[in-house]
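Numbering (mature numbering (1 follows the signal peptide of the UniProt record, and there is no 0)), first residue to last: -23 to -1, 1 to 460. Cβ coordinates follow ideal geometry from the N, Cα and C atoms, glycine included.
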């Protein structure tokens, strides 16, 4: 494919194609509660300052491709989520034989005659048999703002494609699935993170998110035994325990129902900002599932004060992460601080219903300059030839250690940070760049580089020779190799 297509595939993005909108002349408007409120292929939508009217349907569209071969992926499952709340915004759709997909979305119109709409920002979750889901590992969901219904006579705009990475080391034909529904009474619960965790000798975990109907399907499961659980702030769901799955089995009807009186926990703690850059006075606390590293909807908080509190945490095992978002701050990596991340199992670790986890020390980051400075990976592709990593000099460092990870999360350059061994890839004090000299990088593939600043340990070392003093942010340093 040409350069235009390659750019559209940057980190597997999403797209919006919207048909033209012109309201009806019916003063009575339409009934939003009725699926067939409008005829002729129109849909009933809200109008700011007026009654609901009938409009041509708006949709997010695009194509799902194999990131390695660039061939279409048929049967991929896609759902749109609200980018702010992570709530499900649509039901699941599947890509056709050519990889094309179309996700209808609801909008609020600014008027009953114009194409203007109230802006809504979405992300996509995409999964398919035999492929790594998106987003995953270092591949971030890229927000898409829908703020206008297109003129039907104009060329389609904002069209991008979703590129999925094939699974490695497995035979997709031997993998199975688990499908069901998450509900509270008769009401399906959308935007709930559902996880199948291997138990009784079965390793690994797989996840998905329910659509607006509460339906889910967990893909690419090896034969084994799984606990199926659901996670969202403020609710608890009875898990399905020790579910047996045969090779290539598709198990249906695995339903997770809300507990009438769930065991929910309140988490409290503190944040101490040290050596923070100017303007960096707010950071985040998130609870990531220990089994998958994902953050269930609602289990994150922004805090600008010294204390934080997060309520409504359902039962589960979590890693508490501080300063996980891009805010020019990172959790202090000094091992003399309390062990971080803190892993907790609830409600066992909080029998009273509340838990104080102490204070997180947060410091200024080692600021990445290129590639991958942007909050989301919207930079043009990076040339592999002459690739050089650049950063802003940190303070008080003795040397730097660098690492490079592929889209599967595997380290391919550098070494595990160690307080007793020098990094395999290093840069000297006051350096601000390092040329890449590792394995050949693949065209169209996504990578993340990370950097840590180190100093010699001189006191309270407990056997350590070196101590980390800062590092790059969790969600920076991500780039895609240009063709």
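Would you tell me roughly how many angstroms separate the C-alpha atoms of residue i and residue j, rounded to the nearest one?
i           : j           : result
residue 427 : residue 288 : 33 Å
residue 185 : residue 438 : 43 Å
residue 255 : residue 331 : 34 Å
residue 216 : residue 268 : 15 Å
residue 94  : residue 306 : 36 Å
residue 109 : residue 70  : 18 Å
residue 41  : residue 422 : 15 Å
residue 173 : residue 111 : 17 Å
residue 20  : residue 82  : 10 Å
residue 106 : residue 35  : 28 Å
residue 148 : residue 181 : 16 Å
residue 226 : residue 150 : 10 Å
residue 440 : residue 432 : 14 Å
residue 319 : residue 390 : 27 Å
residue 351 : residue 345 : 9 Å
residue 420 : residue 113 : 19 Å
residue 396 : residue 436 : 13 Å
residue 284 : residue 337 : 10 Å
residue 249 : residue 286 : 15 Å
residue 23  : residue 190 : 21 Å
residue 123 : residue 60  : 11 Å
residue 447 : residue 343 : 6 Å
residue 242 : residue 270 : 19 Å
residue 119 : residue 369 : 26 Å
When burial is assigned at 16 or more other CB atoms within 10 Å of the CB, is residue i buried or exposed?
i           : result
residue 10  : exposed
residue 371 : buried
residue 407 : exposed
residue 197 : buried
residue -1  : Interpretation of residue -1 is limited by its pLDDT of 47, a score under 50 that renders its predicted location unreliable; no figure is taken from the coordinates.
residue 374 : buried
residue 430 : buried
residue 309 : buried
residue 449 : buried
residue 398 : exposed
residue 453 : buried
residue 104 : buried
residue 117 : buried
residue 54  : buried
residue 379 : buried
residue 442 : exposed
residue 274 : buried
residue 8   : exposed
residue 33  : buried
residue 207 : buried
residue 461 : Here the chain covers residues -23 to 460 and nothing more, so residue 461 does not appear.
residue 466 : Because the chain spans -23 through 460 in this model, residue 466 falls outside it and cannot be assessed.
Rounded to whole angstroms, how far is the Cβ of residue i from the Cβ of residue j, which I believe are closer than 8 Å?
i           : j           : result
residue 251 : residue 339 : 7 Å
residue 57  : residue 101 : 6 Å
residue 37  : residue 455 : Between residue 455 and residue 37 the Cβ distance is about 23 Å, and since that is not below 8 Å, they are no contact.
residue 168 : residue 63  : 6 Å
residue 244 : residue 290 : 6 Å
residue 324 : residue 292 : 6 Å
residue 78  : residue 27  : About 32 Å separates the two Cβ atoms, so there is no contact after all.
residue 394 : residue 445 : 6 Å
residue 404 : residue 424 : Going by Cβ atoms, the distance from residue 404 to residue 424 rounds to 18 Å, so no, they are not a contact pair.
residue 326 : residue 246 : Contact doesn't hold; Cβ gap of about 13 Å is too wide.
Relative to the C-alpha of residue i, which candidate in the options has its C-alpha closest?
i           : options            : result
residue 29  : 80, 13, 79, 86     : 86
residue 341 : 260, 66, 56, 20    : 260
residue 240 : 154, 159, 310, 328 : 328
residue 262 : 274, 249, 279      : 279
residue 97  : 415, 66, 283, 362  : 66
residue 146 : 237, 385, 121, 72  : 385
residue 17  : 25, 31, 55, 23     : 31
residue 458 : 59, 383, 393       : 383
residue 45  : 8, 425, 436, 418   : 418
residue 237 : 192, 206, 162, 187 : 162
residue 335 : 72, 347, 298       : 298
residue 75  : 61, 43, 414        : 43
residue 451 : 349, 122, 14, 460  : 349
residue 51  : 59, 265, 60, 72    : 72
residue 296 : 175, 265, 387      : 265
residue 152 : 183, 258, 176      : 183
residue 165 : 187, 178, 179      : 187
residue 68  : 175, 192, 416      : 192
Compare the C-beta of residue i against all C-beta atoms of chain C and say whether one is closer than 8 Å.
i           : result
residue 283 : Within the model displayed, chain C is absent; a lone protein chain is all it includes.
- Query: So, do the segment 302 to 321 and the segment 206 to 223 have three or more beta carbon pairs nearer to each other than 8 Å?
  - Reply: no
- Query: Looking at C-beta atoms only, is the number of pairs between the segment 396 to 414 and the segment 138 to 146 that lie closer than 8 Å three or more?
  - Reply: no
- Message: Within 8 Å, do at least three Cβ pairs link the segment 219 to 226 to the segment 187 to 207?
- Response: yes
- Inter-stretch contact (C-beta, 8 Å, three-pair minimum) for the segment 150 to 165 and the segment 229 to 246: yes
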